[in-house]
Structure formats: structure tokens, C-alpha cells
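Worksheet: one structure, shown below.
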Ligand code: 4NP
């Protein structure tokens, strides 16, 4: 199973989801079964490491953020089984990029997998220009969604 987390810049929300999911997968001993990557729909930060504010907030929870930002590419729709978008704007951008219906069906809102969020607002708010607390909020939302996502992925085998 191959999972791709996608946000706008690939420096805040999706690297956070990638780090959170890597730890959950490691805790369950599923590293060999689940591949994880992240990307952005925008290209401004390509090559950059995760935002320091995200990295520090994650480190306080014992989570390591790594990698260099990259843009989503057409081959991602072939390579990955599920493409998890941080918010509805990202879903729309990904659906527009997807080459066909099969590819579009792989695109889901990350927080759809948070069992506690049913019916509510399913966006992970963009923390980049917001207050410092936004980075902890991203972690709270992403941790809940990734736990649900892993349960579902593990159940699928
Ligand atoms: P992300 O946050 O999509 O969670 O990585 C952002 C990072 C950078 C920008 C916007 C959002 N930006 O406009 O540069």
C-alpha cells in the first residue's frame, strides 16, 4: 500500500502527516507493507526542508519531520494507492491534475479517515501565515486522521 500526503507547499501539513504516519506505521511494525511520501500542489518551496515551526512542534511530540519539498507529478497517480489531501482546495487541484477517473478516485480528504470528524469541517487549516498555535492544531488533526487511516489501511491488508 502506497500513501501520498499532499498540501500546498509540502513544507507544513503534508510533511507533518508523513512524519506522524511513519511513526504510527513503525509502531505497528508495518514498514514493509506501507510506503509513505508527501508532495505539494505548489512549487514555491521545492527542495526546501519542512518548515521549522512544523518541525519544532512535531519534535515536541517525538515526531521527526524529514525530506525535501517536491511538487505532485502525473506519475504519482499511478504510483500511489491513496492520495490524501490536506483540504478541499487541494482535493480540487488534485482532481484537476488526475489523468482519469481511476486516478481521481484515489484522491481523498485526509480527515475523512478521522472517525471523530464525521459531518464536520474536514480541512486541515493552512498554518503557514497563521498564529503559532496553528502548528499544534495541525498535529492534533493529523494525528487523529492518520490513526483512522492506518486502521483502515491495515484492515484492507
Ligand atoms: P503547507 O503550508 O501547504 O501546509 O505546506 C504552506 C506553505 C507555504 C505556502 C502556503 C502554505 N506558501 O504560500 O508559500
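In the numbering used here, the protein residues as written are 70 to 226.
Built from N, CA and C at the ideal position, the CB exists for glycine as well.
Computed from a predicted model, the values in this text were never measured in an experiment.
**Message:** For residue 80, report the span of its beta strand (DSSP E) as first-last.
**Reply:** Careful: residue 80 lies outside any beta strand (DSSP E) and carries neither H nor E.
**Asked** Should residue 144 be labelled buried (16 or more other beta-carbon atoms within 10 Å of its own) or exposed?
**Response** Per the 10 Å Cβ criterion, exposed.
**Request:** Please confirm whether any heavy atom of the ligand 4NP lies closer than 7 angstroms to the CB of residue 107.
**Result:** Residue 107: no, Cβ never under 7 angstroms from the ligand 4NP.
**Message:** Buried or exposed for residue 124, going by 16 or more other Cβ atoms inside 10 Å?
**Reply:** It is buried - the Cβ of residue 124 has at least 16 other Cβ atoms within 10 Å.
**Message:** How far does the beta strand (DSSP E) with residue 229 in it extend, from its first residue to its last?
**Reply:** The first residue shown for the chain is 70 and the last is 226, placing residue 229 beyond what the model contains.
**Item:** When 79, 174, 220 and 121 are compared against residue 205, the one with the closest alpha-carbon
**Value:** The alpha carbon of residue 205 has as its nearest neighbour, out of 79, 174, 220 and 121, the alpha carbon of 121.
**Prompt:** Helix, strand or coil: which one does DSSP assign to residue 144?
**Reply:** It is coil, neither helix nor strand.
**Request:** Please go through the same chain and pick out, in chain order, the residues whose beta-carbon is closer than 6 angstroms to the beta-carbon of residue 150, but skip the five residues on each side of it.
**Result:** 70 and 71.
**Asked** Is residue 215 near the ligand 4NP, with its Cβ less than 7 angstroms from a heavy atom?
**Response** No, the ligand 4NP has no heavy atom inside 7 angstroms of this Cβ.
**Prompt:** Under a Cβ-count criterion, where at least 16 other Cβ atoms within 10 Å of its own Cβ denotes burial, should residue 112 be classed as buried or exposed?
**Reply:** By the neighbour-count rule (16 or more Cβ atoms within 10 Å), residue 112 is not buried but exposed.
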